[in-house]
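Engineer: Position 13 (the sequence shown) corresponds to 28 in my numbering; numbering is contiguous. Structure below; questions to follow.
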Amino acid sequence: MATITGTSGADIRNDTVGTSDSYDMLAGNDTVFAGAGNDTVFGGDDNDILEGGSGNDRLFGGSGDDYLYAGTFIGPDSDSLDGGGGNDTVDFSLGDAAVNLTLIGGAAVFNPPDEGNSDRDTLTGIEHIVGSNFADSITGDTVANRLFGGAGSDSLFGGDGADTLFGGNDGDSLSGGTGADVLFGGAGADTLFGGDQNDTLIGGAGADIIDGDGGTGDTASYVDSASGVVVTVNSIGTGGDAAGDTLVDIENLTGSNFSDALIGNGGNNVLDGGGGNDLLMGGLGNDTLIGGGDTDTASFAGSTTAVNASLATNIATGEGTDSLSGIENLVGTRGNDTLTGDDTANRLTGGLGNDTISAAGGNDTVLGGAGDDTVDGGSGNDLIYGGGTAETSANFIVNGGFTGLSGSNGGGNWTGTDLEFNPETAYFTGGGGTSNTVAEIDGNAGQITVMNQSFSVGEASSAQLTFRGILRTQGQVGLDGYRVDIVDASNNVIFSQTILPGSNVLPNWTNYTLNFDFPAAGTYTLRFTEIGDGDSLGALVDDVQITSIVDGADLLNGGDGNDTIYGGAGSDVISGDANDDLLSGDTGADSLSGGTGRDTLYGGVGQDTLLGDGDNDVLFGDAGNDSLDGGNGDDILRGGEGPDTMRGGAGNDVFLVQLDEVLGDGNDIVDGGGNAGEPISTDNDTIDFSVYGWDRVEIDYTSTDPLNLVGTITIYDANGKAGGVVIGRIDFNEIETLICFTPGTLILTDRGEVAVETLVPGDRVMTRDHGLQALRWVGKRRLSMLDLVAQPELRPVRIARGAFGPAGPDRAMLVSPQHRVLIEGAKAELLFGEAEVLVPAKHLVGQIEATRALPEEGVVYIHILFDSHEIVQSDGIWTESFQPAERTLSALDADVRAELFALFPELAANADGYDGARLSLKAHEARVLLAG
């Protein structure tokens with residue numbers, strides 16, 4: 016026998032001869048392969064790796080965390096494996112048979128034993144085990160063991176202590192025993208039992224049974240799942256590693272790093288979403304909801320008790336007292352909830368009920384839902400929806416029974432034992448095998464009516480149809496789908512919805528909702544029909560509710576930031592508060608206040624009150640008898656349909672009047688307003704009735720003071736003042752300007768004057784310098800009114816008729832702010848050395864009768880292009896054609912630029928190489944030319 020002595024360093028010894036040797040490795044992290052023979056190996060101090068090979072070996076790890084290999088089990092070998100001090104591991108993965116071992120008593124038996132012999136190892140001072148590649152049975156002891164089953168269907172039992180068990184990639188059985196254990200099932204259909212105390216069970220891939228067993232805080236964890244999971248405490252999971260898992264005696268859930276849905280039960284649950292955008296629903300009890308990373312939602316939608324949930328305090332009270340952590344979004348109950356956000360970007364959904372929602376800081380989205388809600392957006396740029404409320408006057412519920420179907424042969428009726436139920440949602444009370452024949456099925460009928468029930472509705476209204484119970488089919492053959500119909504007393508179908516066409520699978524439904532409208536009061540019938548030629552059909556319909564929707568009166572406050580608030584149905588009170596807000600009242604008699612900032616207010620249908628308050632606001636009353644007050648600032652006011660009252664307040668205000676706004680009874684009242692304390696306004700307020708020509712407008716003044724015009728505007732139909740009918744009147748006071756514009760700029764061509772929008776490439780247009788010239792290109796750019804509100808620098812300039820005196824124009828015209836007008840005369844030559852110069856339209860504003868406009872229908876800018884920059888006659892005055900340049904080309908869309916470059920390739924290389932027809936004046940030069 017050879018004796019090998021190591022050093023104090025990290026030694027490596029490999030016996031390839033196969034004799035019986037003795038090793039004393041002293042200190043250091045040593046590695047020894049003793050080979051064949053009956054070897055004795057002392058690892059000494061530090062962390063050693065020892066393998067005895069074949070033979071009856073004795074391995075002593077010594078101090079440190081040692082790793083001992085049990086050998087290959089060839090022959091009747093019985094090894095003695097002593098870990099010594101530290102946390103030591105014995106590895107049986109090199110064996111050729113399964114191992115049956117227990118660390119209590121330290122015995123390992125190989126099953127089946129090789130060559131008819133009983134191989135038995137003795138283990139001392141061992142804490143951790145790695146099994147073979149076969150079906151092992153491994154039992155821990157009273158300390159904290161780590162047991163790895165490896166390949167094969169293993170059975171692992173941790174025993175006492177806080178153990179960690181790894182099943183491997185086959186169907187394993189893991190039991191933690193006493194102690195707070197962690198169990199990893201791995202791949203395969205595993206069975207995990209936590210045992211006493213609070214355990215963490217990770218089933219891994221495969222349909223696992225996850226049983227917390229004892230303990231009051233056992234956790235099913237899906238932290239290793241490669242995709243999101245949907246898991247309810249003590250139910251069957253779906254998605255990712257949860258697919259097919261059965262949870263028993265579990266209190267807590269941990270999600271994956273993806274988007275999960277974790278749902279608690281009646282106990283005190285801890286739901287930890289982990290990474291991803293998770294949905295957490297605690298249910299009854301005092302729950303702890305932990306969102307983790309990303310954007311997570313705490314939902315109380317399943318609760319029957321209203322909730323008071325705050326992301327500022329991280330507490331939610333309702334059916335219990337829940338603790339919230341890492342939650343960004345909240346969903347309320349069907350009751351009157353109180354939801355409070357924090358200073359991050361939250362999404363707060365009130366749901367049914369009269370909710371109170373405070374968004375606090377951040378750019379939030381608030382959905383009040385049905386009911387009379389009170390919403391405060393707080394600071395940040397918020398998006399707020401008020402919503403409507405539910406009324407149960409047109410409501411029926413089928414409870415305590417069902418409408419089912421008999422068998423296809425007409426003889427085998429459905430019974431209580433035939434039906435499949437979810438115990439939490441089913442209301443069937445027959446049971447006991449009692450036969451309940453409702454309808455006979457003809458196997459060739461094709462369509463079978465499952466439900467046919469009448470009900471009454473008191474008024475025209477929107478409605479929701481909700482299947483609150485379950486729908487379950489059995490024995491389906493040839494099923495093409497289902498159809499829901501609602502018919503009136505004359506059998507007219509007012510609503511129809513086909514469900515799952517072409518599918519033969521219909522899952523359980525809870526709260527499946529369809530939306531429709533009742534056109535009037537009356538009696539209606541709900542029909543639920545199976546579609547197909549099936550020979551064996553059957554369905555259960557239970558707990559069905561129809562709910563009519565009526566208006567909700569919401570109180571919505573945007574707070575600081577640029578908020579967007581939608582009141583929805585009902586008479587809402589909406590306040591934008593600070594910054595630039597967009598407020599929409601929708602239907603109902605709404606009250607909107609913009610607060611400070613440049614706000615846009617839409618009253619919607621109903622008798623609305625709009626207050627712009629500070630800064631430059633845009634107010635639209637829409638339909639109904641509205642009251643609009645611009646407040647301070649240069650405001651734009653449009654009344655909409657119905658007799659409206661509009662007051663501009665301080666600032667230079669514009670009142671937009673359109674055809675449909677003055678139809679019907681009563682007059683619009685327009686008050687330019689003015690600065691507080693001044694008997695006469697010094698503002699410049701304007702009434703813009705630009706869709707009418709002067710031949711349709713008649714103005715009667717009671718005051719012609721240029722600083723305080725007072726009177727009545729009468730507007731006639733298309734037949735004009737000569738023989739037309741009055742379609743509306745506007746009473747005005749404290750107005751300084753009345754302007755009119757007729758759309759359709761007329762361009763002089765070889766065919767006479769034609770509307771610019773009708774020109775096409777090839778048309779011959781009269782130019783000032785070169786006579787008739789063919790158009791090469793016509794382009795258009797459309798901007799909506801909201802575009803013009805958002806970018807006021809793009810608003811067109813309206814040049815009044817005769818603004819240049821006898822020179823024209825012949826009619827009011829609308830041009831883009833950069834469009835240049837020809838001005839000629841001795842003064843131009845004296846100042847600039849040119850008898851004719853071009854002045855951009857925006858530089859004419861304030862110098863002649865030219866103003867910025869905001870057409871309600873938006874504007875279309877039309878560009879006409881020749882081979883060179885030309886001067887053309889437009890509405891009797893000379894203006895420029897389109898001149899390509901770096902500035903003008905950059906304002907065009909990419910596809911339009913590409914079209915121009917195809918026509919004029921030289922522009923791509925030199926955008927500013929297209930020479931101008933005249934000198935173009937700057938703003939200060941235009942002021943000097945036009946002064947006096």
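Note that CB positions come from ideal geometry on N, CA and C, so glycine has one too. Quantities reported herein were computed from a predicted structural model and do not represent experimental measurements.
(1) When burial is assigned at 16 or more other CB atoms within 10 Å of the CB, is residue 795 buried or exposed?
(2) Nearest CA to the CA of residue 51: which residue from 375, 162 and 94?
(3) Name the one or two DSSP bridge partners that residue 346 has.
(4) For residue 776, which option in 791, 318, 782 and 768 has the closest C-alpha, if you only look at C-alpha atoms?
(5) Tell me, please, which residues DSSP counts as bridged to residue 862.
(6) For a quick check, are the C-beta atoms of residue 143 and residue 102 less than 8 Å apart?
(7) Note the first and the last residue of the continuous alpha helix (DSSP H) segment covering residue 800.
(8) So for residue 785, helix, strand or coil by DSSP?
(9) So, with DSSP's three-state summary, where would you put residue 846?
(10) Shortest alpha-carbon distance to residue 963 belongs to which of 49, 650 and 312?
(11) The beta strand (DSSP E) that contains residue 726, what's its start and end?
(12) In the DSSP assignment, what are the bridge partners of residue 48?
(13) Cα-Cα, which of 237, 844 and 930 is closest to residue 271?
(14) So residue 354 and residue 316 are in contact, right, with Cβ under 8 Å, and what is the actual spacing, rounded?
(15) Using a Cβ-Cβ cut-off of 7 Å (strictly less than) and excluding sequence neighbours within five positions of residue 619, which residues of its own chain qualify?
(16) Helix, strand or coil: how does DSSP classify residue 740 here?
(17) Taking the C-alpha atoms as reference points, what is the distance between residue 399 and residue 343?
(18) Nearest-angstrom Cα distance between residue 198 and residue 214?
(19) If residue 293 and residue 306 are in contact, beta carbons under 8 Å, what's the gap, nearest whole angstrom?
(20) Rounded to a whole number of angstroms, what is the C-alpha to C-alpha distance between residue 111 and residue 22?
(21) Can residue 172 and residue 155 be called in contact, C-beta distance under 8 Å?
(22) Would you list, in sequence order, the uninterrupted beta strand (DSSP E) runs of no fewer than 3 residues that lie entirely inside the stretch 269 to 301?
(23) Take the Cβ of residue 731 as the centre, count every other Cβ of all protein chains shown within 10 Å, and call the residue buried at 16 or more, exposed below.
(24) Just checking my contact of residue 862 with residue 933 at CB under 8 Å: how many whole Å lie between their CB atoms?
(25) Is it buried or exposed for residue 812, if we count other Cβ within 10 angstroms and need 16 for buried?
(26) Go ahead and label residue 844 buried or exposed: buried means 16 or more other beta carbons lie within 10 angstroms of its beta carbon, across all protein chains shown.
(27) In the DSSP assignment, find the beta strand (DSSP E) that holds residue 768 and state where it starts and stops.
(28) Determine which residues share a DSSP beta bridge with residue 332 and list them.
(29) Can you name the residues that DSSP bridges to residue 715?
(30) DSSP state of residue 795, grouped into three classes?
(31) DSSP on residue 3, reduced to helix/strand/coil?
(32) From residue 712 to residue 745, what distance separates their C-alpha atoms?
(33) When the Cα atoms are used, what is the spatial distance from residue 273 to residue 291?
(34) Sort out for me which residues DSSP pairs residue 535 with in a bridge.
(35) Thinking C-alpha only, which one of 75, 646, 77 and 83 is nearest residue 66?
(36) Look up residue 942 in the DSSP assignment and say whether it is helix, strand or coil.
Structural biologist: So, from the listed chains and residues:
(1) Position 780 of the sequence shown, counted from the first residue, corresponds to residue 795. Exposed, since its Cβ has fewer than 16 Cβ neighbours within 10 Å.
(2) On the sequence shown, position 36 is the one that residue 51 refers to. Distances from the alpha-carbon of residue 51 to those of 375, 162 and 94 put 94 closest.
(3) Your numbering for residue 346 matches position 331 in the sequence shown. DSSP output for residue 346 lists 314 and 364 as bridge partner(s).
(4) Your numbering for residue 776 matches position 761 in the sequence shown. Closest option to residue 776, Cα to Cα, is 791.
(5) Counting from 1 along the sequence shown, the entry for residue 862 is found at position 847. According to DSSP, which records beta bridges pairwise, residue 862 is partnered with nothing at all.
(6) The sequence position of residue 143 within the sequence shown is 128, counting from 1. The sequence position of residue 102 within the sequence shown is 87, counting from 1. Yes, the Cβ-Cβ distance between residue 143 and residue 102 is below 8 Å.
(7) What you label residue 800 is simply residue 785 of the sequence shown in a count that begins at 1. Where residue 800 is concerned, the enclosing alpha helix (DSSP H) stretches over 800 to 805.
(8) Indexing the sequence shown from 1 puts residue 785 at position 770. Three-state DSSP puts residue 785 in coil, outside helix and strand.
(9) For this step, residue 846 is matched to residue 831 along the sequence shown. Three-state DSSP puts residue 846 in a helix.
(10) The displayed coordinates of the chain run from 16 to 947. Any statement about residue 963 would go beyond what the structure contains.
(11) As a working mapping, residue 726 is identified with position 711 in the sequence shown. It spans 724 to 731 - the beta strand (DSSP E) in which residue 726 sits, taken as one unbroken run.
(12) The residue given as residue 48 occupies position 33 in the sequence shown. Answer is 29 and 66, bridged to residue 48.
(13) For this step, residue 271 is matched to residue 256 along the sequence shown. Selected option, being the one with the closest Cα: 237.
(14) Start at 1 with the first residue of the sequence shown, and residue 354 comes out as number 339. Start at 1 with the first residue of the sequence shown, and residue 316 comes out as number 301. The Cβ separation is near 12 Å, so there is no contact.
(15) Here residue 619 corresponds to residue number 604 of the sequence shown, with the count starting at 1. These residues qualify, in order along the chain: 599, 600, 601, 602, 605 and 637.
(16) For the purposes of this step, residue 740 is identified with residue 725 of the sequence shown, where counting begins at 1. Three-state result, residue 740: coil.
(17) As a working mapping, residue 399 is identified with position 384 in the sequence shown. As a working mapping, residue 343 is identified with position 328 in the sequence shown. Cα-Cα distance, rounded: 16 Å.
(18) Position 183 of the sequence shown holds residue 198. Position 199 of the sequence shown holds residue 214. So the alpha carbons of these two residues sit roughly 8 Å apart.
(19) Here the question's residue 293 lines up with position 278 in the sequence shown. Here the question's residue 306 lines up with position 291 in the sequence shown. The pair is a contact, with the Cβ atoms about 6 Å apart (cut-off 8 Å).
(20) Against the sequence shown, residue 111 aligns to sequence position 96. Against the sequence shown, residue 22 aligns to sequence position 7. If you take the alpha carbons of residue 111 and residue 22, they lie about 34 Å apart.
(21) Locating residue 172 in the sequence shown gives position 157, where the first residue counts as 1. Locating residue 155 in the sequence shown gives position 140, where the first residue counts as 1. Yes.
(22) 276 to 278, 285 to 287 and 294 to 296
(23) Indexing the sequence shown from 1 puts residue 731 at position 716. When all chains shown are included, residue 731 counts as buried.
(24) Within the sequence shown, the letter at position 847 stands for residue 862. Within the sequence shown, the letter at position 918 stands for residue 933. With 8 Å as the limit, residue 862 and residue 933 do not qualify as a contact, their Cβ atoms being about 18 Å apart.
(25) Along the sequence shown, read from residue 1 onward, the residue named residue 812 stands at position 797. Per the 10 Å Cβ criterion, buried.
(26) Stepping through the sequence shown from its first residue, residue 844 is reached at position 829. Under this definition residue 844 is an exposed residue.
(27) Walking along the sequence shown from the start, residue 768 turns up at place 753. Counting along the chain, the beta strand (DSSP E) containing residue 768 begins and ends at 767 to 770.
(28) Here the question's residue 332 lines up with position 317 in the sequence shown. In DSSP, residue 332 forms a bridge with 323 and 336.
(29) Residue mapping note: residue 715 aligns to position 700 of the sequence shown, counting from 1. Paired residue(s): 727.
(30) What you label residue 795 is simply residue 780 of the sequence shown in a count that begins at 1. Strand at residue 795.
(31) For the chain, the structure presents residues 16 to 947; residue 3 sits outside this window and is missing.
(32) Locating residue 712 in the sequence shown gives position 697, where the first residue counts as 1. Locating residue 745 in the sequence shown gives position 730, where the first residue counts as 1. Taking the straight line joining both Cα atoms gives about 11 Å.
(33) Locating residue 273 in the sequence shown gives position 258, where the first residue counts as 1. Locating residue 291 in the sequence shown gives position 276, where the first residue counts as 1. Distance between the alpha carbons of residue 273 and residue 291: 4 Å.
(34) Counting from one through the sequence shown, the residue named residue 535 turns up at place 520. Answer is none; residue 535 lacks a bridge partner.
(35) As a first step, residue 66 must be located in the sequence shown, where it is residue number 51. The residue with the shortest Cα to Cα distance from residue 66 is 83.
(36) Along the sequence shown, read from residue 1 onward, the residue named residue 942 stands at position 927. Of the three classes helix, strand and coil, the one that applies to residue 942 here is helix, per DSSP.
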